[in-house]
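Residue numbers (my numbering): 385 to 637.
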């Protein structure tokens, strides 16, 4: 994309609503602060599918930024998140892209679901092409779910060996998270858009009430949680247990 002339509309062809005006103002400020940076709008505003309660997600990629950072604030009453990072696919982001859908995600969904506004050197386009290649090389989600079950088994062994209650609590929390991730991978449930993680308990109660009951029995996490979590590991590790479902596509709001 060619360099933008001063005063040029940064979001041409978009409706003149509150979110678009806010995006234009903030993008202009970012361009002034980082003249050579790549700029993009992510999520529903980037797609033009936003509504009155949507957030505004912006991306600025510049070589002068020391490390990946997220900034959150409000502008025109709209919740805004700005992702600031160095151009290119660093080791952390490359590893995230090459993994199956994660329970938590940071820069990856911003970059996947974004509309480029300013890319003077073509760096943003190259970065997304590298991202697409890394995603294409990701391992099979079912295999990764089984690896998470193995991780959960090792964590459970650590719980049973430890006599430190704080350490047991830490291991149990990691174990619980690994089981949730494994189930989501088996069911094709992703967590890349806002609010997706909040849907998981209801989805599990609907699709797999037996597993939901086992995880419920493990709460609050304590020494007695080990028994139901052991049964949950076995349940998830049984190849015949998961019922394949098509992946769900949800965009950021």
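Glycine is no exception: its CB is placed at the ideal position from the N, C-alpha and C atoms.
Within the DSSP bridge table, the entry for residue 465 names 441, 456 as partners.
The shortest C-alpha to C-alpha distance from residue 613 to any of 429, 533, 602 is the one to 602. By the neighbour-count criterion, in which a residue is buried when 16 or more other Cβ atoms sit within 10 angstroms of its Cβ, residue 600 is exposed.
In this structure, DSSP gives residue 596 a helical state, which the three-state scheme calls helix. The residues 464, in chain order, have a CB closer than 7 Å to that of residue 458 in the same chain once the five nearest residues on each side in sequence are set aside.
Boundaries for residue 428: no beta strand (DSSP E) harbours it, while the alpha helix (DSSP H) harbouring it runs 427–431, taken from the DSSP string. Annotated three-state conformation of residue 423 is strand, per DSSP. The three-state secondary structure of residue 602, taken from DSSP, is coil. Sorting 561, 466, 587 by C-alpha distance to the C-alpha of residue 533 places 561 at the top. Residues of the same chain with a CB within less than 8 Å of the CB of residue 583, apart from the 5 flanking positions on each side, are 573 in chain order.
Boundaries of the alpha helix (DSSP H) around residue 621: 610–621. Its chain contains 444, 449, 453 as the residues whose beta carbon lies nearer than 6 Å to that of residue 468, once the 5 sequence neighbours on both sides are disregarded; these appear in chain order. Within the same chain, 404, 432 come within 7 Å of residue 398 by CB-CB distance, once the 5 residues on both sides are set aside. Distance from the Cα of residue 394 is smallest, within the candidate group 442, 530, 591, for 442. In the pairwise beta carbon analysis, the segment 604–618 is classified as touching the segment 548–568: at least three pairs are separated by under 8 Å.
Inclusion of residue 471 and residue 511 in the CB contact set at 8 Å is warranted, their separation being smaller than that value. The continuous beta strand (DSSP E) containing residue 501 extends over residues 498–502. Here residue 558 is near residue 539, since their CB atoms are less than 8 Å apart. Annotation for residue 558: the continuous alpha helix (DSSP H) segment containing it runs 549–571. Taking C-beta atoms as the reference points, residue 591 and residue 571 count as a pair closer than 8 Å.
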